[in-house]
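Asks: After the structure tokens below, expect a handful of questions from me.
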Amino acid sequence: MHECFSSIPLQLAKDNKKFQYKVVKEGYNARYYDASLRWLSDSGLIMPVHHLKCIDFPLEAYEQLSIFKVYMFDTGLLISLFNEAVIAKIHTGDLGIFKGAIYENMAAQIMYANHKAMYYFEPNTSSEIDFVTYCGNEITPIEIKSGVNTRSKSFDNFVIQYHSKIAYRFSEKNIGESDGVIRYLPIYLLPFIF
7 MHECFSSIPL
17 QLAKDNKKFQ
27 YKVVKEGYNA
37 RYYDASLRWL
47 SDSGLIMPVH
57 HLKCIDFPLE
67 AYEQLSIFKV
77 YMFDTGLLIS
87 LFNEAVIAKI
97 HTGDLGIFKG
107 AIYENMAAQI
117 MYANHKAMYY
127 FEPNTSSEID
137 FVTYCGNEIT
147 PIEIKSGVNT
157 RSKSFDNFVI
167 QYHSKIAYRF
177 SEKNIGESDG
187 VIRYLPIYLL
197 PFIF
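Take a look at the structure:
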């Protein structure tokens with residue numbers, strides 16, 4: 007359990023945030039760590055977010071239990087696992103390579119606190135939708151951007167392909183113009199959409 011728990015910052019710092027057992031310990035697999043991850047989840051320390059193999063109602067039917075990301079239940083707890091030098095930089099506002107991980111973890115924590123089902127979707131190996139959930143009765147994609155660059159071709163393609171009625175893109179920018187479907191909001195407003 008300790009090995010799984012301690013690996014979470016590294017799991018989230020990767021470009022591909024999918025939980026990989028080889029990051030925990032080379033040569034080990036799900037058979038060895040599955041019970042540990044389940045215990046950490048049941049104890050409320052981590053939140054697994056499962057991959058969707060396709061987008062359709064109900065999302066639960068397309069959840070792939072063997073492919074998932076792991077977020078910490080508390081973002082402060084995530085930061086406490088970093089080494090002292092990284093924590094000192096974070097306190098000065100320099101989030102470095104962990105910026106995306108911290109922002110996504112905050113989003114997962116907020117969604118979990120609001121009892122939202124959370125999934126993620128990878129239409130191909132070069133694109134990913136950070137979160138897919140329900141808002142009202144609609145399947146809703148949510149993109150978390152850790153900077154001010156809010157462009158994402160994969161997110162735009164998702165909205166078009168799956169005829170999303172509403173989509174959210176959160177970033178460090180202020181409230182932006184909505185194009186009718188995609189709403190551009192600052193990250194601090196995430197708790198208020200639920």
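The sequence shown begins at 7 in my numbering and counts up by one. Every residue gets a Cβ at the ideal spot worked out from N, C-alpha and C, and that includes glycine. None of the values given here were measured: they were computed from a predicted structure.
Just how far apart, CA to CA, sit PHE176 and CYS141?
Replies: The alpha-carbon atoms of PHE176 and CYS141 are separated by roughly 15 Å.
Asks: Straight-line CA distance for MET78 to GLY106?
Replies: Roughly 14 Å separates the two Cα atoms.
Asks: Around the C-beta of TYR39, are 16 or more other C-beta atoms found within 10 angstroms, so that it is buried, or is it exposed?
Replies: Result: buried.
Asks: May I ask you to list the residues that DSSP assigns as paired with GLN17?
Replies: Paired residues: none, contrary to the question.
Asks: Are the beta-carbon atoms belonging to ILE103 and ILE93 less than 9 Å from one another?
Replies: No, these two residues do not count as a Cβ contact at 9 Å.
Asks: Helix, strand or coil for ILE172? Go by DSSP, reduced to three states.
Replies: Note: ILE172 maps to coil in three-state DSSP.
Asks: In three-state terms, what does DSSP make of ASP136?
Replies: Reduced to three states, the DSSP call for ASP136 is strand.
Asks: Is there contact between the segment 53-66 and the segment 124-134, where contact requires at least three CB pairs shorter than 8 Å?
Replies: Verdict: yes, contact present.
Asks: Would you list the one or two residues that DSSP bridges to CYS141?
Replies: CYS141 is bridged to GLU144.
Asks: Excluding sequence positions up to five away, which residues of its chain have a Cβ less than 7 Å from the Cβ of GLU144?
Replies: The answer, listed in chain order, is LYS171, ILE172.
Asks: When we look at the beta-carbon of PHE161 and count the other beta-carbons within 10 Å, is it buried (16 or more) or exposed?
Replies: Counting Cβ neighbours within 10 Å, PHE161 comes out buried, since at least 16 surround it.
Asks: In this structure, what does DSSP give as the bridge partners for ASN130?
Replies: SER133, per the DSSP bridge assignment.
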